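Protein chains in written order, with this note's numbering: chain U, 63 to 476; chain S, 2 to 301.
In this text, a Cβ means the ideal position worked out from N, Cα and C, and glycines have one as well.
Small disclaimer: the values here were computed from a predicted structure and weren't measured.
Take a look at the structure set out below.
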Amino acid sequence: MHNIVLIAKREYLEQLRGKAFKVTTVLVPAIFAFVFFIAFLSGKNSGSGKHVVIAAQDAGLISSVKKLLLEDKDAKSVVDTVTVSSSQDKSALINMVDTKQIDGFLWIDKKADGSTTATYESQTAADLITSGRLRSALNHALEEQRLGQRGMSASEIETLLQRVEVDTQQIKNGKEVKSNAVSSFYSAYAMALLLTMTTMVYGLNVGRSVIQEKTSRIFEVMLATVKASDMLAGKLIGVGAVGLTQIAIWIAAALIFATTAFGAQLMTGNLDIHISWVQVVLFGVYFLLGYTLNSALFAGLGATLETEQELQQYSPLAAVPVWLSFSMMVLILSDPNSFWVVAASLFPPCTPIVMFLRMGSQMPPLWQIWLSIGLMLIAIVAVLWFSTRLYRIGILMYGKRATLPEILRWLRYS
Amino acid sequence: MPIVELAGVTKAYRDKVAVNQLSLSIEPGQMFGLLGPNGSGKTSSIRMMIGITVPDSGEIRLFDQPFDRKNLIRVGYLPEERGLYKKMKVLDQLIFMGGLHGLKASEAHERANRWAKRMEIDGSLSKKTEELSKGMQQKIQFIAALMHDPDLVIMDEPFSGLDPVNATLLQDTLLELKEQGKAILFSTHRMDQVEKLCDAIALIHRGNLVLGGKVREIKSRYKRDRVILEFDGSAKFLESAEIAEAKNYSGHAEIKLKEDGDAQKLLAEAASMATIYRFELVEPSLEEIFIQAVGGRADA
Chain U
63 MHNIVLIAKR
73 EYLEQLRGKA
83 FKVTTVLVPA
93 IFAFVFFIAF
103 LSGKNSGSGK
113 HVVIAAQDAG
123 LISSVKKLLL
133 EDKDAKSVVD
143 TVTVSSSQDK
153 SALINMVDTK
163 QIDGFLWIDK
173 KADGSTTATY
183 ESQTAADLIT
193 SGRLRSALNH
203 ALEEQRLGQR
213 GMSASEIETL
223 LQRVEVDTQQ
233 IKNGKEVKSN
243 AVSSFYSAYA
253 MALLLTMTTM
263 VYGLNVGRSV
273 IQEKTSRIFE
283 VMLATVKASD
293 MLAGKLIGVG
303 AVGLTQIAIW
313 IAAALIFATT
323 AFGAQLMTGN
333 LDIHISWVQV
343 VLFGVYFLLG
353 YTLNSALFAG
363 LGATLETEQE
373 LQQYSPLAAV
383 PVWLSFSMMV
393 LILSDPNSFW
403 VVAASLFPPC
413 TPIVMFLRMG
423 SQMPPLWQIW
433 LSIGLMLIAI
443 VAVLWFSTRL
453 YRIGILMYGK
463 RATLPEILRW
473 LRYS
Chain S
2 MPIVELAGVT
12 KAYRDKVAVN
22 QLSLSIEPGQ
32 MFGLLGPNGS
42 GKTSSIRMMI
52 GITVPDSGEI
62 RLFDQPFDRK
72 NLIRVGYLPE
82 ERGLYKKMKV
92 LDQLIFMGGL
102 HGLKASEAHE
112 RANRWAKRME
122 IDGSLSKKTE
132 ELSKGMQQKI
142 QFIAALMHDP
152 DLVIMDEPFS
162 GLDPVNATLL
172 QDTLLELKEQ
182 GKAILFSTHR
192 MDQVEKLCDA
202 IALIHRGNLV
212 LGGKVREIKS
222 RYKRDRVILE
232 FDGSAKFLES
242 AEIAEAKNYS
252 GHAEIKLKED
262 GDAQKLLAEA
272 ASMATIYRFE
282 LVEPSLEEIF
292 IQAVGGRADA
């Protein structure tokens with residue numbers, strides 16, 4: 063135990079004093095803040111400020127659509143209108159789009175049988191937000207017009223077509239809690255992303271550290287007094303402690319930030335960031351579990367390799383569970399208790415990420431959290447069993463990368 | 002009480018036997034040389050002595066007890082593949098290594114300073130290892146292996162890569178430790194060093210013990226059949242029937258006697274023809290003994 067502590071301490075201090083730790087401690091939150099700020103801004107402003115032309119034969123319909131579009135304050139649209147009579151008018155509009163005088167035009171065509179078709183033509187292939195706004199405005203205007211034609215007064219039509227916003231409330235422990243789907247999603251997403259990055263980065267750090275010790279030939283001196291398993295344990299604890307220190311610094315910085323006026327505004331204002339203490343504790347727990355699983359894997363892998371470049375080639379392996387988890391995101395957010403989502407959150411490599419994404423829409427049942435922790439512990443023991451064996455032999459094999467048959471033989475030997 | 006005892010130790014890797022039925026023992030205050038060409042099984046034997054690998058068969062005893070890792074704290078080891086933490090400061094590194102051998106930080110600090118002075122690197126303690134020359138790094142490793150005052154010192158090719166000044170410094174240090182009653186084992190493929198320093202040897206070839214025991218006893222087993230003769234006068238005596246082979250460097254002759262050649266007869270013949278200044282019956286060098294023992298094969 064004495065040696066494990068010594069090795070862990072050495073590893074901890076070396077990494078803590080390194081440039082990488084200082085840089086990532088400052089840069090990661092800065093990059094996160096920047097990315098989310100940009101995402102927030104672009105989400106708020108997307109599809110706004112468009113200059114469109116409404117073109118139809120029916121001047122009344124055109125002005126109704128224009129009025130409705132201008133009512134949408136978020137859109138900040140510039141709307142021009144053209145009453146058209148021939149296809150030549152359309153050529154002129156196409157020319158205006160082509161020369162970028164306007165962003166696009168809505169061509170409304172009323173058929174003789176009373177049906178209406180509409181096309182939005184622009185240089186952007188998939189401007190879903192603008193076309194959505196136009197569709198909504200056009201349908202509303204058509205409904206107004208048809209109801210008017212059936213003899214209804216303007217006030218009757220307004221009452222009839224009054225729009226209703228759907229608000230969201232979450233029920234937690236039988237109580238209604240105001241929820242903001244977007245901010246819950248963003249905070250869970252941010253935590254899942256942070257968890258992914260830290261467990262991956264620190265897992266890779268262990269692999270890199272094993273290779274560095276292997277290339278510097280320090281192992282043999284160490285092995286003369288320390289057992290290989292103690293060396294590995296010390297390394298995992300030391301690097302893990304560095305990760306926890308970094309997370310603790312981030313949490314402390316976030317708490318200090320929350321006390322500032324700007325921070326307080328973010329916590330209660332538009333963004334409405336809510337991260338519970340349970341989430342903070344679970345973040346620590348899942349970090350430790352995810353990190354140990356990854357680092358045990360990379361320690362074993364590192365022992366079979368010769369250079370850091372070779373390790374880099376294998377690093378996408380660690381990203382596989384991340385891809386898997388994020389590819390299920392839509393399902394996780396819409397139906398967090400469906401079979402496949404629960405299964406993914408209990409599958410150890412995916413557990414930390416999927417669990418946090420689930421928390422974005424609903425807190426998973428406690429038994430599932432305990433079960434996921436138990437399963438991760440079992441996976442860690444299994445991976446450590448293999449890795450310790452590879453590590454014990456691999457660290458003394460210099461000169462060439464181990465082949466698969468060699469690795470299998472090492473597992474048998476030890 | 003032997004400090005190290007190997008009895009019938011065998012280690013094989015797949016189809017290659019690295020060490021075959023090796024037996025040896027090292028006493029306190031003894032300088033022991035493990036000799037053999039590259040790839041003969043020296044490092045494999047050493048690794049088993051300190052528990053890095055486990056023998057397939059046979060027994061290893063350290064400090065008169067069956068092998069037990071807890072005794073490794075009394076061993077100082079310098080591997081052939083030297084290694085240090087490059088980014089770590091020298092003093093921190095030595096304190097860390099001392100800690101692994103059971104020294105408290107303060108004690109390790111004090112000893113590191115003392116050894117650094119002795120090894121003439123005290124000005125480099127606050128530097129990072131990567132800033133030092135290879136020779137300096139070697140010295141740090143000697144200190145790391147010796148600072149916890151081990152009863153058994155095991156060094157794999159300790160002199161390789163050392164300049165003559167530092168080689169002498171290390172040699173003197175080892176001799177001093179020997180005087181203090183420590184058991185010292187070092188491996189080398191340079192027989193001249195062993196001849197100078199060691200009390201006992203084990204000569205290994207392809208994993209097998211070819212020769213073992215006290216250097217004096219081994220040498221006495223081999224006949225003195227070489228003569229160095231310095232003379233003035235006729236060199237006709239070099240055609241004597243006692244001589245198998247002779248080289249004459251104008252007054253300095255190196256002679257190999259025939260198997261039944263008589264040195265005294267040769268001396269009488271030479272004295273009758275020339276004035277003799279030096280007549281020395283030289284014992285065979287370990288290198289010659291080794292070549293004889295393994296049958297003079299090219300790969301020896």
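In this chain, Gly-252 of chain S is not harboured by any beta strand (DSSP E), its DSSP state being neither H nor E. Listed in chain order, the positions of the segment 98-116 of chain S with a beta carbon within less than 7 Å of a beta carbon of chain U are Gly-100, Leu-101, His-102.
In this structure, the CA atom of Met-417 of chain U is about 55 Å from the CA atom of Ala-117 of chain S. Take Cys-412 of chain U, set aside five residues on each side of it, and the residues of its chain with a beta-carbon closer than 7 Å to its own are Pro-383, Leu-386, Ser-387, Ala-406, in chain order. Put simply, of U:Lys-297, U:Met-284, U:Glu-282, U:Thr-181 the residue whose alpha carbon is nearest the alpha carbon of Asn-201 of chain U is U:Thr-181. Judged by beta-carbon spacing, Leu-7 of chain S lies beyond the 9 Å limit of Glu-81 of chain S, meaning their Cβ atoms are not closer than that value. For Ile-309 of chain U, the closest C-alpha among the options U:Glu-76, U:Thr-86, U:Gln-163, U:Ile-69 is that of U:Thr-86. Within the same chain, and ignoring the five residues on either side of Ala-13 of chain S in sequence, the residues whose Cβ sits closer than 7 Å to its Cβ are Ala-19, Asp-57. Under the 8 Å Cβ criterion, the segment 260-267 of chain U does not count as touching the segment 69-80 of chain S, having fewer than three qualifying pairs.
Assignment of Ser-215 of chain U by DSSP, reduced to helix, strand and coil, places it in the coil class. Cβ contact annotation for Leu-175 of chain S (same chain, cutoff 6 Å, sequence separation greater than five): Ile-185, in chain order. In this structure, Leu-287 of chain S sits away from His-190 of chain S, with a CB-CB distance that is not shorter than 9 Å.
Residue burial is scored here from C-beta neighbours: Ser-357 of chain U has at least 16 other C-beta atoms within 10 angstroms and is therefore classed as buried.
By the C-beta criterion, the segment 48-55 of chain S is judged to be in contact with the segment 276-296 of chain U, since at least 3 inter-stretch pairs fall below 8 Å.
A direct Cα-to-Cα measurement between Gly-162 of chain S and Arg-227 of chain S gives close to 32 Å. Judged by DSSP secondary structure, Tyr-453 of chain U falls outside any beta strand (DSSP E) and instead within the alpha helix (DSSP H) spanning 428-456. For Met-89 of chain S, the nearest CB of chain U lies under 9 Å from its own CB, placing it at the interface with that chain. In the displayed model, Met-156 of chain S falls within a strand according to three-state DSSP. At least one C-beta of chain U is nearer than 9 Å to the C-beta of Gly-84 of chain S. Tyr-251 of chain U carries a helical assignment under DSSP once its states are collapsed to helix, strand and coil. Residue-level contact by beta carbon fails for Asn-356 of chain U and chain S, as no gap is shorter than 9 Å. Straight through space, the alpha carbons of Asp-173 of chain S and Gly-100 of chain S are spaced by roughly 26 Å.
Rounded to the nearest whole angstrom, the C-alpha separation of Ser-193 of chain U and Leu-395 of chain U is 25 Å. For Phe-281 of chain U, at least one C-beta of chain S is nearer than 9 Å to its own C-beta. Counting only the Cα atoms, Glu-260 of chain S lies some 27 Å from Asp-233 of chain S. In chain order, Ala-70 place their CB closer than 6 Å to the CB of Ile-299 of chain U, counting only its own chain and leaving out the 5 sequence neighbours on each side.
For Gly-208 of chain S, no CB of chain U lies under 9 Å from its own CB, so it is not counted at the interface with that chain. By the C-beta density criterion, Arg-420 of chain U is buried, having at least 16 other C-beta atoms within 10 angstroms. Look at Pro-80 of chain S: its C-beta is under 9 Å from a C-beta on chain U. Neighbours of Leu-73 of chain S across chain U, judged by C-beta separation under 8 Å: Ala-286, Thr-287. By the neighbour-count definition (other C-beta atoms within 10 Å, threshold 16), Met-2 of chain S is an exposed residue. Look at Tyr-86 of chain S here: in three-state DSSP terms it is coil, with no helix or strand label. For His-206 of chain S, DSSP records a beta bridge to S:Asn-209. Residue state for Arg-279 of chain U is assigned as coil, using DSSP reduced to three classes. A Cβ of chain S is located within less than 9 Å of the beta carbon of Asn-65 of chain U. Residues of chain S whose Cβ lies closer than 7 Å to the Cβ of Glu-73 of chain U do not exist, since the nearest Cβ in that chain is about 10 Å away.
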